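Asks:
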Amino acid sequence: MTSFLADLASPQPGRGGLPARAHLDTDAPRQSLDGTWQVRRYPSPRHLTEQGDWSPVEVPGHLPLQGHGTPIYANLAYPFAVDPPHPPDDNPVADHRLEFEADAAVLAHPSVLRFEGVDGAATVWLNDVELGTLRGSRLTTEFDVSSVLRTGKNVLFVRLAQWSAHSYLEDQDMWWMPGIFRSVTLLARPSGGLGDVFVHTSYDHRDGSGTLRVEVSSASPATVTSPAFGDLVPGETHHFRSVSPWTAETPVLYDLKVQTATESADLRIGFRTVHVEDGVLLLNGAPLLLRGVNRHEHDPHRGRAVDLATARAELLLMREHNINAVRTSHYPPNAAFLDLTDELGFYVMVENDLETHGFELNGWRGNPSDDPMWADAYADRMTRTVERDKNHASVLFWSLGNESGTGANLDAIAVWAKSRDPERLVHYEGDRRSIYTDMYSRMYAMTDEVERLGSGSAPSPRNLPFVLCEYAHAMGNGPGGLTEYQDLFHKYPRLAGGFIWEWVEHALHGGVTSDGRTISLYGGDFGEKVHDGSFVVDGLVHADKTPGPALKDLARVYAPITVVLAPGELTIVNRYHGLDLSHLDAELTVDGTASALALPKVEAGTAVTVPLPFDPASTVTLTLRHRDHGHEVAWGQHLPSRTRPALTGTVTPSGVTPSGVTPSGVTPSGVISSGVTLGPAVFDQATGMPVRLGDLDLHDVAISLWRAPTENDRGIGWDETNLPPVADRWAAARLHDMRTRLVDLTTDGDTLIVRTRSGPPIIDAGVDVTWRWTSDGTALALDLTIEPYGAWPCDWARAGVDIRLDRPTSRVDWTGHGPGPQYPDTGQGARYGSWSADRDEFAVRTVRPQEHGARRIDDATVDLAGTGLRITGVDVPVTIRPWSREVIAATAHDHELPPATETWISVDAAVAGVGTASCGQGVLPQYRLPASTHHLHVVFHQS
Ligand code: IPT
């Protein structure tokens, strides 16, 4: 076993494997070795005598998700000493063993054993014969087993160590979880069968013609046929006068059969040309806008062992939300995923299995990217990436890897990729010189810089098109600011769009609480000493693939059509790559009554304005639905101006005794003077706050400027790296800890006027608040003015009123924007209408609790088990939750929040945007809330 140990410290690629080739679907017999294997563990490769017992394990699967060890989440930081190429001694090893009988059909031929993904570093034996080693966790390795596979019992043995030299190359921001997490297959390789196939196509948009060349390597003569094109000569370029191009909008695939006398493969190919001209990314001659997401493979139970049905469902969900591009961050996906992207229509950037990000924490010293010792490993990884996936129409870009600094090894693999596959574009973000890439790529660049790049006032290297390989970090409540990015993409042809970070949250399933709540876990929850907490939970969809609110917002922002409704006219901007609108149905809804609308013809890349008379006082919504898929593609809405609710009569306050207020605003302890009444409301003369509305007790009514920090509030914005996160600024100002003094409580005719002054301790800044209460005998109206005084040390999170009710809410029905939440820089997907949500939906729960769920309402009824509270106003931001903000802020996981026994309601005059400072720019200036005067008009009714 010394060689096992020595191998682990070798920067060399795995040995013993066959040359990389395309993942082909052939008719040669095959046998899946997936299923139940046996596993036994050792604490380290130096302790291989201390073996544990054999126990079952499912393949594909990760060991830590099956009770063998624990997952570790770290972003950049290597959870071991950075001592390349050496792995740590503390290095869990697992022997995997499978006994199987080989199928006669496989045994009848030479054969290979294929591993599609083994996380960690392994040595493989079949029937005690060492086949070689596996390196490159997310890459395919094939071993020739022709002379080893036998009739009857075979024993496959895989010794897998978690850490090796190659761990330095696999520092992706995700869970470290060893295991054979993709399929293991025996493939018959008939003599004279197919070796490799490389399909080259192009499309000429000027005349609709296409070319096709199929390179075949095989041990005997091969033929290529296609129902559409007849017989083709391998290796020869065929010209076809008219082909249907492949695009994500029209994913036309042609069948192709490549065969020898002994083996035949079915391929589905597409004709398309991707290239760059004058700094613009073009597909089939027309500008290409990437409306993309970064997709990791993740399932809360199975980790990266994501089955194809799940992958298909993910892609369908993306398509329903106008996503047209996927970056396979940060490794090649399950090979069959790309069959789906070909078929369903996605532009794919396939990324090499490479990241050395942890070296950045060490000033990039010793970075493998620039060390000749690692050159072969780099070449090996890139080769296996390109060779496996080179026949997919959907794959437009090869990415060299993620966050691996710069260096000669990257330069070399870029040059190799370009020479091996000149028809695709090469991407790498980490090297700003962009000397060998086909696009200038950045991550999280701020909108002002993107604007400069788009307009040309900041030059992009070599006049390359610009792409954001990551932006808008979808962590917790957010991302804010999607619209600002998209507007720039629409404005400047040089901007080719980008990929949101990221598609799916990587929370792991941690069981269910006694009251039935799912436990979702993140970094640190497994006792890791080095970890990055909840930073792994940052996706548009939750780990179980249920959409978070940001997905609806993104769908609106990514819509390939913009609909603008104004009284008298309708403008439609068609931003499709090539489609006109004939595949859409339009529905016009005027004040709730829907009718079909005939759409004008609008060619791709053009806009049309047509007359559309309607009463400006009506609510008009135009939705466009995709006829084939049924999903809503785009919508626009005209909203009439609304007037604030007015009471029809007034009653006068009673019981106001100015002497009840002492100069300091303090009443004798324990005495609640409740003599002040106004219609259905009773006020505490000592505090000036309402304590009762009809049958409802109101508690803790107070002014608040704080929110439970979002994960974006906790991040340092890239636009102000010299400042602490806004959440820390609020904490320093003790924004959560306001102290209030009643200034006076008076009446002015039928108005009860309460003036209070509130401010955090320590500092001499705060707010003067005037509460003007009126009532018609049944409802209670509040006119509130919040005015800052003093020099405020920070912006506010919000400005509004908190109320606690001593009973839980079951649901909320409202008229206003919905169904999703809305902050000033999010909620693009929220439209005006009548909505209903249960307590959890309204609150919008996140894996790590934080401020969320504000809706802008005109009329909301809060169901409080037997009674209700109705709130009316115009566009009033409201949050309704069972917990105080202090509780939310102090709770690390959703399942740790206490059961709902009460209701906290906030009714705000203003709220701040959320931005995307968890990784990227903070809240844009126009969405911040510097100290200033705010007004709120709202009416409460007990119902
Ligand atoms: C960037 C990484 O590429 C990605 O894997 C992920 O970690 C993301 O950030 C944040 O979730 S790197 C970052 C330092 C910009």
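Counting from 1, position 735 in the sequence shown corresponds to residue 1127 in the numbering used here; the numbering is continuous, with no gaps.
Quick reminder that beta carbons are idealized off the backbone N, C-alpha and C, glycines included.
This structure is a prediction, so every number in the text was calculated from the model and none was measured.
1) Any heavy atom of the ligand IPT closer than 7 Å to the beta-carbon of Ser852?
2) Suppose the cutoff is 6 Å on Cβ atoms and the five residues either side in sequence are ignored; what does the same chain contact list for Val635 look like?
3) Just confirm the distance between the C-beta atoms of Val896 and His688, as a whole number of angstroms; I'd bet it's less than 8 Å.
4) At a threshold of 7 Å, does Asp658 count as lining the ligand IPT (C-beta to nearest heavy atom)?
5) Sort Glu1179, Thr954, Thr775, Thr1259 by Cα distance to Asp1087 and report the nearest one.
6) Under three-state DSSP, which class holds Ile1145?
7) Which class does Met569 belong to by DSSP, given the choice of helix, strand or coil?
8) In terms of DSSP beta bridges, what is Thr1138 paired with?
9) Looking at the secondary structure, which residues open and close the beta strand (DSSP E) in which Val1159 lies?
10) Roughly how many whole angstroms lie between the Cα atoms of Thr1011 and Ala864?
11) My parser needs the beta strand (DSSP E) runs of 3 or more residues fully inside the stretch 722-797; what are they?
12) If you draw a straight line from the C-alpha of Asp977 to the C-alpha of Leu604, how long is it?
13) Do the CB positions of Val498 and Ala580 come within less than 8 Å of each other?
14) Alpha carbon to alpha carbon, how far is Leu645 from Arg432? Give it in angstroms, no decimals.
15) So is Glu491 buried or exposed if we call it buried at 16+ other beta carbons inside 10 Å?
16) Does the Cβ of Ser559 lie closer than 7 Å to at least one heavy atom of the ligand IPT?
17) So, with DSSP's three-state summary, where would you put Phe1332?
18) For Ser811, name the three-state secondary structure that DSSP assigns.
19) Once you ignore the five residues that flank Gln443 on each side, which residues in its own chain have a CB closer than 7 Å to its CB?
20) Please look up how many angstroms separate the CB atoms of Val1025 and Ala951, rounded, as I've assumed it's under 8 Å.
21) Reducing DSSP to helix, strand and coil, say where Asn855 ends up.
22) Over what stretch of residues does the beta strand (DSSP E) that includes Asp1205 continue unbroken?
23) Could you have a look at Ala1124 and say whether DSSP puts it in helix, strand or coil?
24) Closer than 7 Å: is that where the CB of Asp426 sits relative to any heavy atom of the ligand IPT?
25) Work out the CA separation of Phe1075 and Asp1136 for me, nearest whole Å.
26) Thinking Leu932 and Val685 are a contact (beta carbons under 8 Å), I'd like their distance in whole angstroms, please.
27) Please identify the residue among Leu730, Thr642, Ala705 whose C-alpha is closest to the C-alpha of Leu659.
28) Since Arg1240 and Glu1103 are thought to touch, with beta carbons under 8 Å apart, how far apart are those beta carbons, to the nearest angstrom?
29) Does DSSP put Asp1076 in a helix, a strand or coil?
30) Express the C-alpha separation of Leu962 and Val1002 in angstroms, rounding to a whole number.
31) Take every Cβ of the stretch 1161-1176, pair it with every Cβ of the stretch 1140-1148, and state whether three or more of those distances are shorter than 8 Å.
32) With a Cβ-Cβ cutoff of 8 Å, do Asp1300 and Gly1158 count as a contact?
33) For the beta strand (DSSP E) holding Val516, just list the boundary residues, first then last.
34) Does the stretch 1266-1279 come within contact of the stretch 796-808, defined as at least 3 CB pairs closer than 8 Å?
35) Please check the pair Pro1072 and Gln1334, which I expect to be a contact at CB under 8 Å, by giving their CB distance rounded to whole angstroms.
36) Determine the burial state of Leu425: buried for a count of at least 16 other Cβ atoms within 10 Å of its Cβ, exposed for fewer.
Replies: Straight from the coordinates:
1) Not so, every heavy atom of the ligand IPT lies at least 7 Å from the Cβ.
2) Within the same chain, Val635 has close Cβ partners Gly602, Phe663.
3) For Val896 against His688, the beta-carbon gap comes to about 6 Å, under 8 Å, which counts as contact.
4) Not under cutoff, so the answer is no.
5) When the alpha-carbon of Asp1087 is set against those of Glu1179, Thr954, Thr775, Thr1259, the nearest one is in Thr1259.
6) Of the three classes helix, strand and coil, the one that applies to Ile1145 here is strand, per DSSP.
7) Residue state, collapsed to three classes: coil.
8) Paired residues: Ile1145.
9) Looking at the DSSP string, the run of the beta strand (DSSP E) that includes Val1159 is 1158-1167.
10) C-alpha separation (whole angstroms): 31 Å.
11) As far as the stretch 722-797 is concerned, its whole beta strand (DSSP E) runs of at least 3 residues are 739-743, 787-791.
12) Their backbone Cα atoms lie some 36 Å apart in a straight line.
13) By the CB criterion at 8 Å, Val498 and Ala580 fall inside the cutoff.
14) Approximately 46 Å between the Cα atoms of the pair.
15) With fewer than 16 Cβ atoms within 10 Å of its Cβ, Glu491 is classed as exposed.
16) A distance criterion of 7 Å places the beta-carbon of Ser559 beyond contact range of the ligand IPT, judged by its closest non-hydrogen atom.
17) Strand.
18) In this structure, Ser811 counts as helix in the three-state DSSP scheme.
19) Answer for Gln443: Arg432, Tyr434, listed in chain order.
20) Correct: roughly 6 Å between the Cβ atoms.
21) Reduced to three states, the DSSP call for Asn855 is helix.
22) Annotation for Asp1205: the continuous beta strand (DSSP E) segment containing it runs 1203-1210.
23) Assigned with DSSP and collapsed to three states, Ala1124 falls in helix.
24) For the ligand IPT, not one heavy atom lies less than 7 Å from the Cβ of Asp426.
25) Put simply, the backbone Cα of Asp1136 is about 13 Å away from that of Phe1075.
26) Yes, they are in contact, since the Cβ atoms of Leu932 and Val685 sit about 7 Å apart, within 8 Å.
27) With distances taken between CA atoms, Leu659 lies nearest to Leu730 out of Leu730, Thr642, Ala705.
28) Yes, Arg1240 and Glu1103 are in contact; Cβ-Cβ is about 7 Å, under 8 Å.
29) Correct three-state label for Asp1076: coil.
30) Distance from the CA of Val1002 to the CA of Leu962, rounded to the nearest whole angstrom, comes to 5 Å.
31) These segments touch.
32) It is not a contact, given that the beta carbons lie outside the stated cut-off.
33) Counting along the chain, Val516 sits inside the beta strand (DSSP E) bounded by residues 513-518.
34) The stretch 1266-1279 is not in contact with the stretch 796-808.
35) So it is a contact: roughly 6 Å between Cβ atoms.
36) Classified as buried, Leu425 has 16 or more neighbouring CB atoms from the shown chains inside 10 Å of its CB.
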